[in-house]
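Colleague: Sharing a structure here in structure tokens format.
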Amino acid sequence: MRRRGGAPLAVRVGHLDPLPWVAGAVALAVFVLHRWDGFLTRDLALYSYAGQQVANGVPPYDGVLNRAGPLAHLLPAVGVLAARAAGVDELLGMRVFYMLLTVVAIAVAYLLGRDFFVSRAAGLVTAATLLSFHAVVLYATGGPREKTPMLLLILGALWAAKDRRWFTAGVLVSLATLTLQIAFFFAFPAVLFLLLALVPRGARLAATVRVAVGGLVPVLVCIGYFLAVGALGSFFNGFLLLNASYQEADTLLSGPGQAWESMKHGYGRSLWFLLTGLALTAGFAVAAARREHRQRSPWLGPVAALALAVVVDLLWNLRDFDSWADAIPVLPVAALGFGAAAKALQERLPSRVALGASAAWLAVALVSVFVYTVTERPDVLVEQRRSVQAVLGTLGPEATVLSVEAPQALVLTGRSNPTRFQMFTGGMWRYVDDTWPGGIEGFRESMLEEERPAVVAINPDRLDSWQEGLDRSYVRIGRAPGWRWYARRTLGPDVIVDLKEAAAAAES
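For any residue, its number in my numbering is found by taking its place in the sequence shown, counting from 1, and adding 165.
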């Protein structure tokens with residue numbers, strides 16, 4: 166029995182196949198072993214803070230200005246609200262929620278590989294390869310980061326496109342883009358090229374219309390939401406204007422050595438899995454150029470379509486590449502490259518040999534990720550919590566905190582910043598300079614001398630531009646992983662001594 170799309174029903178229908186649950190269970194075991202005490206970096210804290218603000222009733226972009234999509238603000242709020250309902254730590258709630266999103270992503274990766282190649286073995290290889298990437302594990306337990314739901318939505322879009330569910334594919338591409346705009350530069354070309362590979366010429370226009378209509382639905386819902394909460398201007402400024410007019414990004418061409426070091430830092434030894442998977446995809450794309458190969462292996466055409474989408478994404482990264490995390494959109498293709506290799510072996514070798522090769526790769530991928538999980542379990546968050554408790558516990562709950570690219574203290578105490586401007590890199594400072602009375606200097610003066618926060622938590626990278634103002638009215642009291650503490654002199658010498666001692670004790 167077959168459904169539209171070509172694969173046997175027994176292979177395609179999830180409830181007849183227990184392996185998505187197996188893939189998800191293995192992923193869950195990996196993530197639980199890795200724990201949730203990873204370093205709360207500036208960016209991770211930014212999305213955590215955004216989620217807390219949304220949970221407090223503040224619309225995206227009004228709580229904190231950020232250039233990512235609105236879902237990057239809205240989705241962490243789910244974890245915050247769940248944590249509040251359960252009476253547990255809000256950051257833990259967000260991290261567990263994002264872990265569960267990644268568990269679903271691994272299960273969907275299995276379904277994608279299975280249906281792409283009509284092979285459960287290829288599906289398992291695809292899922293295990295995706296799980297083996299260090300970046301996936303890192304963000305699964307150390308988030309929240311917008312690229313986690315983006316990865317899930319991209320996987321869903323590819324799966325829907327392979328299944329010729331074009332409306333659904335359009336919806337998921339749109340949602341991925343509303344999470345993080347860079348998703349569009351891979352996901353949309355991928356769906357478009359899959360459409361060209363899978364749909365007969367006469368039916369392509371109708372399929373394209375379904376993709377477009379599907380993509381329009383989340384956009385209209387999003388606009389309706391921002392209209393309802395009176396924040397449509399904030400949405401357009403954060404989602405479009407900041408990126409169109411105030412973007413200052415690194416590129417692959419401007420610093421290839423730096424980009425390579427970043428990739429090694431983010432992926433570790435799994436970087437070689439990533440590169441091998443992309444190379445396999447490229448090799449199969451070349452093979453797809455010959456008709457006899459496509460006739461023998463119909464899956465070559467869709468694989469070639471994804472290879473072309475990777476090229477489009479690479480061209481975008483030549484213009485805009487900040488770090489290893491910007492490679493996450495193409496991780497599904499690298500994983501599918503190994504799935505394609507498993508399928509090719511099945512077509513050319515005795516089944517026992519082919520399955521043995523797939524099992525061997527599964528063992529390599531799973532051993533690799535379990536070794537990473539148990540040997541790279543960071544606990545920097547414990548130090549960060551200790552510092553926040555020591556410093557702000559000395560002052561009490563009424564003490565005000567200003568974050569200068571250091572939202573961690575706000576997140577860990579549930580406090581709110583006196584301004585929605587916290588980020589100043591990548592051209593954000595120019596936006597503040599253009600929109601704040603008196604420009605960026607007026608902003609600094611207003612924050613330090615009008616708001617007069619009791620404590621300033623500042624990212625070390627921003628000290629040069631803020632040091633003069635801090636020296637006038639503040640004194641450094643200590644440091645924490647990711648930021649420096651400054652206290653207002655008017656707190657008095659005794660309080661400042663207490664704060665310095667508390668910060669020093671937290672560091673030891």
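Here a beta-carbon is modelled for each residue, glycine too, at the ideal position from N, C-alpha and C.
Pairs of beta-carbons, one from the stretch 184-191 and one from the stretch 266-279, closer than 8 angstroms: are there three or more?
Modeller: Result yes; three or more Cβ-Cβ pairs closer than 8 angstroms.
Colleague: Going by C-alpha distance, which of V547, L445, V518 is nearest V498?
Modeller: Taking only the C-alpha atoms, the option nearest V498 is L445.
Colleague: Considering just the uninterrupted stretch of the beta strand (DSSP E) at R329, what are its terminal residues?
Modeller: No beta strand (DSSP E) holds R329; DSSP gives it neither H nor E.
Colleague: Determine the direct distance from the alpha carbon of Y226 to that of D328, and round the result to whole angstroms.
Modeller: The alpha-carbon atoms of D328 and Y226 are separated by roughly 36 angstroms.
Colleague: Where does the unbroken alpha helix (DSSP H) through L407 begin, and where does it stop?
Modeller: Looking at the DSSP string, the run of the alpha helix (DSSP H) that includes L407 is 407-410.
Colleague: Can you tell me whether A670 is buried or exposed, with buried defined as 16 or more other CB within 10 angstroms of its CB?
Modeller: Classification for A670: exposed.
Colleague: Ends of the beta strand (DSSP E) at V569?
Modeller: Where V569 is concerned, the enclosing beta strand (DSSP E) stretches over 566-569.
Colleague: What residue range is occupied by the uninterrupted alpha helix (DSSP H) comprising G288?
Modeller: Here the alpha helix (DSSP H) through G288 covers 285-297.
Colleague: Secondary structure at G448, three-state DSSP: helix, strand or coil?
Modeller: It is helical.
Colleague: When you compare each of A287, S638, L439, V223 to S399 by their alpha carbons, which one comes out closest?
Modeller: Out of A287, S638, L439, V223, V223 has the C-alpha closest to the C-alpha of S399.
Colleague: How close, in whole Å, do the beta carbons of W489 and A300 come, if the pair is a contact with beta carbons under 8 angstroms?
Modeller: Between A300 and W489 the Cβ distance is about 7 angstroms, and since that is below 8 angstroms, they are a contact.
Colleague: Provide the residue span of the alpha helix (DSSP H) that contains G380, from first to last.
Modeller: 369-393 is the extent of the alpha helix (DSSP H) around G380.
Colleague: Could you pull the start and end residues of the beta strand (DSSP E) that A505 belongs to?
Modeller: A505 -> not in any beta strand (DSSP E); alpha helix (DSSP H) instead, spanning 496-513.
Colleague: Please report the distance separating the alpha-carbon of A528 from that of D636.
Modeller: Their Cα atoms are separated by approximately 57 angstroms.
Colleague: Assuming P553 and L577 form a contact by the criterion Cβ under 8 angstroms, report the distance between their Cβ atoms to the nearest whole angstrom.
Modeller: According to the sequence as given, residue 553 is Val; it is not Pro. At roughly 5 angstroms, the Cβ-Cβ gap stays under 8 angstroms, so V553 and L577 are in contact.
Colleague: For the stretch 259-267 and the stretch 404-412, state whether three or more C-beta atom pairs, one from each stretch, are separated by less than 8 angstroms.
Modeller: They do not touch, by the three-pair rule.
Colleague: Can you give the Cα-Cα distance for T416 and L436, rounded to whole angstroms?
Modeller: Approximately 19 angstroms, taken between the alpha carbons.
Colleague: Out of curiosity, what's the CA-to-CA distance linking V539 and G422?
Modeller: For V539 and G422, the distance between alpha carbons rounds to 30 angstroms.
Colleague: Given this structure, state the Cα-to-Cα distance separating Q346 from A233, to the nearest angstrom.
Modeller: Computed Cα separation, rounded: 7 angstroms.
Colleague: Rounded to whole angstroms, what's the CA-CA distance from L479 to G607? Just pull it up for me.
Modeller: Between L479 and G607, the C-alpha separation is close to 40 angstroms.
Colleague: Counting along the chain, where does the alpha helix (DSSP H) carrying V534 start and finish?
Modeller: 516-540 is the span of the alpha helix (DSSP H), which, as asked, contains V534.
Colleague: In chain order, what are the residue ranges of uninterrupted alpha helix (DSSP H) at least 4 long that sit wholly in the stretch 549-606?
Modeller: As far as the stretch 549-606 is concerned, its whole alpha helix (DSSP H) runs of at least 4 residues are 573-578, 593-600.
Colleague: For V621, name the three-state secondary structure that DSSP assigns.
Modeller: Of the three classes helix, strand and coil, the one that applies to V621 here is strand, per DSSP.
Colleague: Within its chain, find whatever has a CB closer than 6 angstroms to the CB of V268; leave out the 5 residues flanking it on each side and keep chain order.
Modeller: Same-chain partners within the cutoff: G189, A192, L193.
Colleague: From what residue to what residue does the beta strand (DSSP E) around G643 run?
Modeller: First-last of the beta strand (DSSP E) with G643: 639-645.
Colleague: Provide the residue(s) that pair with Y214 in DSSP beta bridges, ordered along the chain.
Modeller: None, per the DSSP bridge assignment.
Colleague: In or out: L181 buried (at least 16 other Cβ within 10 Å) or exposed?
Modeller: Its Cβ having fewer than 16 others within 10 Å, L181 is exposed.
Colleague: Once the 5 residues before and after A172 are set aside, which same chain residues still bring their CB inside 7 angstroms of it?
Modeller: Note that A172 scores a pLDDT of 45, beneath 50, so its modelled location is shaky and nothing firm can be said.
Colleague: For my contact list, S213 and P309 are in at a C-beta cut-off of 8 angstroms; report their separation, rounded to the angstrom.
Modeller: About 6 angstroms separates the two Cβ atoms, so the contact holds.
Colleague: Taking the alpha-carbon positions, what's the R644 to A667 distance?
Modeller: In a straight line, the C-alpha of R644 is about 11 angstroms away from that of A667.
Colleague: Of all the options G561, R285, P241, which has the alpha carbon lying nearest to the alpha carbon of T344?
Modeller: Checking every option, the nearest Cα to that of T344 belongs to P241.
Colleague: Closest to A219 by C-alpha separation, out of A210, V245, L209, G203, would be which residue?
Modeller: Sequence inspection shows Val at residue 219; the Ala mentioned does not correspond to that position. Closest by alpha carbon: V245.
Colleague: In or out: T559 buried (at least 16 other Cβ within 10 Å) or exposed?
Modeller: Buried, because 16 or more other Cβ atoms sit within 10 Å of the Cβ of T559.
Colleague: Give the secondary structure of Y651 by DSSP, where H, G and I count as helix, E and B as strand, and everything else as coil.
Modeller: In the structure shown, Y651 sits in a strand (DSSP, three-state: E or B).
Colleague: Rounded to whole angstroms, what's the CA-CA distance from G228 to I623? Just pull it up for me.
Modeller: Their Cα atoms are separated by approximately 19 angstroms.
Colleague: Tell me the residue span of the alpha helix (DSSP H) that contains N482.
Modeller: First-last of the alpha helix (DSSP H) with N482: 465-482.
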